[in-house]
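Enquirer:
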Amino acid sequence: MFMVQLTDCFVFHASCLQNRMVIRVGKGGYSPTTRQCISFNVKRHNEKVTKNRYVLTKVDDCIPFCGVFELELRGHDESEDSLNTEVFRGLINFSPELDSSLKDHLTSATVFKGTSKEIQNDLLDCMLTVCQNHIKNEISKTSFVSVIADETTDVSSISQLVLVFRYVLSNVQPVERFWQFTNPPGHDAKSIAECIQASLEKVVTKTEKLISQSYDGTSVMSGQHAVVQDFIQLPYKNAQYVHCYAHQLNLIVGQATSQNQ
1 MFMVQLTDCF VFHASCLQNR MVIRVGKGGY SPTTRQCISF NVKRHNEKVT
51 KNRYVLTKVD DCIPFCGVFE LELRGHDESE DSLNTEVFRG LINFSPELDS
101 SLKDHLTSAT VFKGTSKEIQ NDLLDCMLTV CQNHIKNEIS KTSFVSVIAD
151 ETTDVSSISQ LVLVFRYVLS NVQPVERFWQ FTNPPGHDAK SIAECIQASL
201 EKVVTKTEKL ISQSYDGTSV MSGQHAVVQD FIQLPYKNAQ YVHCYAHQLN
251 LIVGQATSQN Q
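In full-length UniProt numbering, the protein residues as written are 1 to 261.
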């Protein structure tokens, strides 16, 4: 899905550049020699762009592969003499053995090799944008949608909230789609509710479409989430609170251990 939409964007971009060049060459009053030189440069540029896009698709294929198997992209030591560069760097190093074009690029390229963390983050952002646009398109065609949110705090006291949408496709297939991670500005119910509502406003265009909201039910968070649902129900009147089934065990264990002396 990602590569299909990315290819469409490339085609649209290329057509715009070609159209501008045609107008410039056709109406600019250039001599035949100049036009021939321009055409040659355009052709050489397009060949280079095609090759770079091919290399980019190969790097892109490695990132979803790691994601499917929940493998990290970066390792602790990715130097050339490292004994364990992790899976992503290993795939990048192994792929040229099967592809001569990719091997030539990675051997001679000085700009883009797909191994820097900045490039990886940019590619991940592009993939997230494509996936979110696909989710928006699916939700726009559904009658109802449900939101699931879970919040946790790491050892550095940074709060992280994950959002998931559930809905039924046109073929009557129920699906659950991850939307994003976000960092609430605070640990209180209002901050969490504002983060959830900000994401909902990007996806749910009609407030009556949201019919359910679900959060974890641990003893620590139940009080906050009882207020979170009230904040969400102010703009989304049909969003009934449903306890998250996956967190029942947490609540039971928490209550049981609290009785131990």
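No residue lacks a Cβ here, since even glycine has one placed at the ideal position from N, Cα and C. On a predicted model such as this, the values are computed, not experimentally measured, just so you know.
Could you tell me whether the Cβ atoms of cysteine 66 and leucine 91 are closer together than 9 Å?
Expert: Cβ atoms of cysteine 66 and leucine 91: closer than 9 Å.
Enquirer: For my contact list, phenylalanine 165 and alanine 193 are in at a C-beta cut-off of 8 Å; report their separation, rounded to the angstrom.
Expert: No, phenylalanine 165 and alanine 193 are not in contact; Cβ-Cβ is about 17 Å, not under 8 Å.
Enquirer: How long is the line joining the alpha carbons of alanine 149 and phenylalanine 178, rounded to whole angstroms?
Expert: 10 Å
Enquirer: Is it right to say histidine 105 is buried, meaning 16 or more other beta carbons lie within 10 angstroms of its own, or is it exposed?
Expert: buried
Enquirer: Under the three-state reduction of DSSP, which class applies to residue 316: helix, strand or coil?
Expert: Shown here, the chain extends from 1 to 261; a query on residue 316 therefore has no answer.
Enquirer: Taking C-beta to C-beta, are leucine 169 and valine 175 nearer than 9 Å?
Expert: Yes, the Cβ-Cβ distance between leucine 169 and valine 175 is below 9 Å.
Enquirer: Comparing alpha-carbon positions, which option in Lys117, Ser212, Val204 and Ser159 lies nearest asparagine 183?
Expert: Ser159
Enquirer: For glutamine 229, does the count of other Cβ atoms within 10 angstroms reach 16, so buried, or fall short, so exposed?
Expert: buried
Enquirer: What residues are listed by DSSP as bridge partners for residue 295?
Expert: Residue 295 lies beyond the range of the chain shown here (1 to 261); nothing can be said about it.
Enquirer: Just confirm the distance between the C-beta atoms of leucine 200 and valine 147, as a whole number of angstroms; I'd bet it's less than 8 Å.
Expert: 6 Å
Enquirer: So the candidates are Gln173, Tyr167, Lys190 and Lys117; which of them puts its Cα closest to the Cα of lysine 209?
Expert: Tyr167
Enquirer: State the Cα-Cα distance for the pair lysine 58 and lysine 48, rounded to the nearest angstrom.
Expert: 16 Å
Enquirer: Would you identify the three-state DSSP class for aspartate 150, choosing helix, strand or coil?
Expert: In the three-state scheme derived from DSSP, where H, G and I count as helix and E and B as strand, aspartate 150 is classed as strand.
Enquirer: Distance, Cα to Cα, cysteine 244 vs asparagine 93?
Expert: 43 Å
Enquirer: Helix, strand or coil, according to DSSP, for valine 203 in the structure here?
Expert: Helix, per DSSP.
Enquirer: Would DSSP call valine 42 helix, strand or coil?
Expert: helix
Enquirer: What does a CB cutoff of less than 7 Å around phenylalanine 144 pick up in its chain, not counting 5 residues either side in sequence?
Expert: Tyr167, Lys209 and Ile211
Enquirer: Count the other CB atoms, across all protein chains shown, that sit within 10 Å of the CB of phenylalanine 181; report buried if there are 16 or more and exposed otherwise.
Expert: exposed
Enquirer: Between which two residues does the alpha helix (DSSP H) carrying arginine 74 extend?
Expert: That residue, arginine 74, is in no alpha helix (DSSP H); it is neither H nor E in DSSP.
Enquirer: Assign valine 55 to one of two classes, buried (16 or more other C-beta atoms within 10 Å of its C-beta) or exposed (fewer than that).
Expert: buried
Enquirer: How would you label cysteine 37, buried or exposed, when you count the other beta carbons within 10 angstroms and need 16 or more for buried?
Expert: exposed
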